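Enquirer: Numbering (UniProt numbering), first residue to last: 1 to 538.
Glycine residues also receive a C-beta, built at the ideal position from the N, C-alpha and C atoms.
Please read all numbers here as calculations on a predicted model, not as lab measurements.
Quick one: the structure is below, questions incoming.
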């Protein structure tokens, strides 16, 4: 489905760059740039193709930002992710994501107009609304002021019984500051009670002990949250044990209740989302699985479509580079394996499913391995993706061949350093296959990434030294990073004099779209982030 409204889709011809060259756009998922050490799997791995790009012509390799404001996230401390990364790569502009998106939805009232709110609000008359999330003003996973506005909004729109399940924060804010946050929340709840709303704190726990685990590291953390928030059972120390049990039981979830997670950051909410949403969930014994209406503040995993209901929709992205290029006759092939297929299609195209023009586009999904963690087969489907891209290039049926190679990210998330080294090698081999095909057809390549991951596999102290736990074991980092990612251009079809500009030092992923449009022989729309390339007069 395309964009609506009166849009002039005709792109201007580039004054110096020709049309008609096959352009391969390769996104290495989770491939950041970091100083070399034994925990940088990209450095440790044999990656001769990517090494040659970095060590080749310096004007054809550079770094771009893939986190924080460069991809629409609030602060420089916000690591990028595959969804916002591909949104930026495809859209050519920076759209508000995460906390910014929630702020806008709360300020405009749009949060109360969507399908997600309608879904949970149908429970307000006769059931309880449970709000679960991090009570903090740290702004990394959640913000107290957003919870306060949400409480006000739901109570004004009919919520009669509200239970808040708080997770306290000792990581993103000063240890001990939770007392102040609880006092602020209690004051707000007291005011709601004065207005006849039965609003109380129902349960609580520290974020690293209750609920907020990620990447399936420790399901016991999520289970402790489930026991307190859903079952109403928790090992609290009350002076009166009978009263404690009664209070918790009163606040347990029952059939017909509504549940909203008010965190905006995704990574530590996906596991709870699975427990709340999957009927066949088997990671721990849920004891009960009440029939609730559950929504996230946002959708936390675009690949898994988790949760299926959410209060704040993804940004409304129009006029993506993919749509422009197809409307200017660019025949497009896109391919990845299942875990990242949506990124190189749906997210690239501005959170839109399907083709813009099925006569000019072909999307190929290679099934990912199932039933195993990705470190078991770290090669994943890299070579199959490379082969599909190679065949598409050599067929000469397509002007753009776009792929995502997932290995660095998906294997990096497992925390298995040795497997991630193997994964990076496989990804590099796939890149070689694609670049060899581009060489054969006289085309152009653009090789980049969506965010970091595999380039740093350990947690570090402020001086950059690897951290160890109390048993002396290395603390493995399984998350994305805030490090920049490479972008390289080249190929026999690249016009003489094309080089990266030196006047876009803070360039990010959103600058890639205009760059690719130039390489297809077009000038990007005027409101796109500026191109990274120029043509030097020889």
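1) Using 10 angstroms around the beta-carbon of residue 460, count the other beta-carbons present and answer buried if the total reaches 16, otherwise exposed.
2) Which parts of the region 241–322 are runs of the beta strand (DSSP E), unbroken and 3 residues or longer, counting only runs that do not cross its ends?
3) Assuming residue 25 contacts residue 402 (C-beta within less than 8 angstroms), just tell me the rounded distance between them.
4) So which of 358, 441, 365 has the shortest CA-CA distance to residue 394?
5) By the three-class DSSP mapping on this structure, what secondary structure does residue 18 have?
6) Is residue 238 helix, strand or coil by DSSP?
7) Would you mind working out which of 500, 156, 16, 305 sits nearest residue 125, comparing C-alpha positions?
8) Need the endpoints of the beta strand (DSSP E) that residue 206 sits in, please.
9) Measure the alpha-carbon distance for residue 13 versus residue 513 and round it to whole angstroms.
10) Please confirm whether residue 141 has its beta-carbon closer than 8 angstroms to some beta-carbon of chain D.
11) What would DSSP say about residue 520, mapped onto helix, strand or coil?
12) Along the beta strand (DSSP E) that carries residue 404, what are the first and last residues, could you check?
13) Within a Cβ cutoff of 8 angstroms, which residues of the same chain sit near residue 242, ignoring the five residues on either side of it in sequence?
14) For residue 78, is the classification buried or exposed, using 16 other Cβ atoms within 10 angstroms of its Cβ as the cut-off for buried?
15) Have a look at residue 136 and residue 526 and give me their C-alpha separation to the nearest angstrom.
16) Report yes or no: do three or more beta-carbon pairs, one from the region 301–314 and one from the region 363–383, lie closer than 8 angstroms?
17) Please report the distance separating the alpha-carbon of residue 239 from that of residue 222.
18) Out of 405, 521, 511, state which residue places its alpha-carbon closest to the alpha-carbon of residue 598.
19) For residue 115, count the other beta carbons within 10 Å of its own beta carbon; 16 or more makes it buried, fewer makes it exposed. Which is it?
20) Please tell me whether residue 207 and residue 134 are closer than 8 angstroms, where the distance is taken between their beta carbons.
21) Use the C-beta contact count for residue 381: other C-beta atoms within 10 angstroms, 16 or more gives buried, fewer gives exposed.
22) Helix or strand or just coil, what does DSSP make of residue 396?
23) Suppose the cutoff is 7 angstroms on Cβ atoms and the five residues either side in sequence are ignored; what does the same chain contact list for residue 255 look like?
24) In angstroms with no decimal places, state the Cα-to-Cα distance between residue 148 and residue 416.
25) Using a Cβ-Cβ cutoff of less than 7 angstroms, which residues in the same chain neighbour residue 96 once the five nearest sequence positions on both sides are dropped?
26) Please state if the CB of residue 456 and the CB of residue 552 are separated by a distance shorter than 8 angstroms.
27) How is residue 13 classed by DSSP in three states: helix, strand or coil?
28) State the start and end residues of the unbroken alpha helix (DSSP H) segment that holds residue 119.
29) By DSSP, does residue 329 sit in helix, in strand, or in coil?
30) Do residue 404 and residue 336 have their beta-carbon atoms positioned less than 8 angstroms apart in this structure?
31) When the distance is taken between beta carbons, is residue 328 closer than 8 angstroms to residue 564?
32) Mind reading off the beta-carbon distance from residue 27 to residue 392? Whole number of angstroms is fine, and I expect it under 8 angstroms.
33) Taking C-alpha atoms, which residue in 159, 146, 158 lies nearest to residue 184?
34) For residue 188, which of 489, 348, 150, 218 has the nearest alpha-carbon?
35) Buried or exposed, going by whether 16 or more other CB atoms sit within 10 Å of the CB of residue 465?
36) With distance defined between alpha-carbon atoms, name the residue in 524, 257, 180 nearest to residue 163.
Expert: Checking against the coordinates, here is how it stands:
1) Numbered from 1 along the chain shown, position 460 holds the residue referred to as residue 460. Classification of residue 460: exposed, given that the 10 Å Cβ count is below 16.
2) 258–261, 293–296
3) Translated into positions along the chain shown, residue 25 becomes position 25. Translated into positions along the chain shown, residue 402 becomes position 402. Confirmed, Cβ separation roughly 4 angstroms.
4) By one-based count along the chain shown, residue 394 stands at place 394. Among 358, 441, 365, the Cα nearest to that of residue 394 belongs to 441.
5) In the chain shown, counting from the first residue as 1, residue 18 sits at position 18. Coil.
6) Residue numbering aside, residue 238 sits at position 238 when the chain shown is read from its first letter. In this prediction, residue 238 has a pLDDT of 47, which is less than 50 and means its spatial position is unreliable; nothing more can be read from the coordinates.
7) Here residue 125 is taken as the residue at index 125 of the chain shown, counted from 1. Ranking 500, 156, 16, 305 by Cα distance to residue 125 puts 156 first.
8) Residue mapping note: residue 206 aligns to position 206 of the chain shown, counting from 1. Per DSSP, residue 206 belongs to the beta strand (DSSP E) from 198–206.
9) In the chain shown, residue 13 corresponds to position 13, counting from 1. In the chain shown, residue 513 corresponds to position 513, counting from 1. Residue 13 and residue 513: Cα-Cα distance of roughly 16 angstroms.
10) Absent here is chain D; the protein component of the structure consists of one chain.
11) As a first step, residue 520 must be located in the chain shown, where it is residue number 520. Here residue 520 sits in coil by DSSP.
12) Taking the first residue of the chain shown as 1, we reach residue 404 at position 404. Looking at the DSSP string, the run of the beta strand (DSSP E) that includes residue 404 is 400–405.
13) Taking the chain shown and counting its residues from 1, one reaches residue 242 at position 242. Confidence at residue 242 is low in this model, with a pLDDT of 46, below 50, so its placement is unreliable and the value that follows should be read with caution. So the list is empty, once near-sequence residues are dropped.
14) Here residue 78 corresponds to residue number 78 of the chain shown, with the count starting at 1. Label assigned to residue 78: buried.
15) As a first step, residue 136 must be located in the chain shown, where it is residue number 136. As a first step, residue 526 must be located in the chain shown, where it is residue number 526. Cα-Cα distance, rounded: 40 angstroms.
16) no
17) In the chain shown, residue 239 corresponds to position 239, counting from 1. In the chain shown, residue 222 corresponds to position 222, counting from 1. Its pLDDT being 44, under 50, residue 239 is placed unreliably in this model, and the value from its coordinates should be taken loosely. Taking the straight line joining both Cα atoms gives about 26 angstroms.
18) Because the chain here runs from 1 to 538, residue 598 falls outside it and cannot be looked at.
19) As a first step, residue 115 must be located in the chain shown, where it is residue number 115. Its Cβ having fewer than 16 others within 10 Å, residue 115 is exposed.
20) Working through the chain shown from its first residue, we reach residue 207 at position 207. Working through the chain shown from its first residue, we reach residue 134 at position 134. Closer than 8 angstroms, so yes.
21) By 1-based counting over the chain shown, the position of residue 381 is 381. Buried: at least 16 other Cβ atoms inside 10 Å.
22) By one-based count along the chain shown, residue 396 stands at place 396. Three-state DSSP puts residue 396 in coil, outside helix and strand.
23) The sequence position of residue 255 within the chain shown is 255, counting from 1. Hits under 7 angstroms: 290, 291.
24) The residue you call residue 148 lines up with position 148 of the chain shown. The residue you call residue 416 lines up with position 416 of the chain shown. Rounded to whole angstroms, residue 148 to residue 416 spans 40 angstroms at the Cα level.
25) In the chain shown, residue 96 corresponds to position 96, counting from 1. Excluding sequence neighbours, residue 96 sits near 72, 104, 315.
26) One cannot answer for residue 552 here, as it falls past the ends of the chain, which runs 1 to 538.
27) Indexing the chain shown from 1 puts residue 13 at position 13. Residue 13 falls in the strand class under three-state DSSP.
28) If you number the chain shown from 1, residue 119 lands on position 119. Note, residue 119: alpha helix (DSSP H), 115–121.
29) Position 329 of the chain shown, counting from 1, holds the residue named residue 329. DSSP places residue 329 in coil when its eight states are reduced to three.
30) As a position in the chain shown, residue 336 is number 336, starting the count at 1. As a position in the chain shown, residue 404 is number 404, starting the count at 1. A contact, by the Cβ cut-off of 8 angstroms.
31) Residue 564 falls outside the range modelled here, since the chain spans only 1 to 538, and no answer is possible.
32) As a position in the chain shown, residue 27 is number 27, starting the count at 1. As a position in the chain shown, residue 392 is number 392, starting the count at 1. Their Cβ separation, rounded to whole angstroms, is 15 angstroms, which puts residue 27 and residue 392 out of contact at 8 angstroms.
33) As a position in the chain shown, residue 184 is number 184, starting the count at 1. It is 146.
34) Residue mapping note: residue 188 aligns to position 188 of the chain shown, counting from 1. The shortest Cα separation from residue 188 among 489, 348, 150, 218 belongs to 150.
35) Locating residue 465 in the chain shown gives position 465, counting from the first residue. When all chains shown are included, residue 465 counts as exposed.
36) Here residue 163 refers to the residue found at position 163 when the chain shown is read from its first residue. Comparing Cα positions, the closest option is 257.
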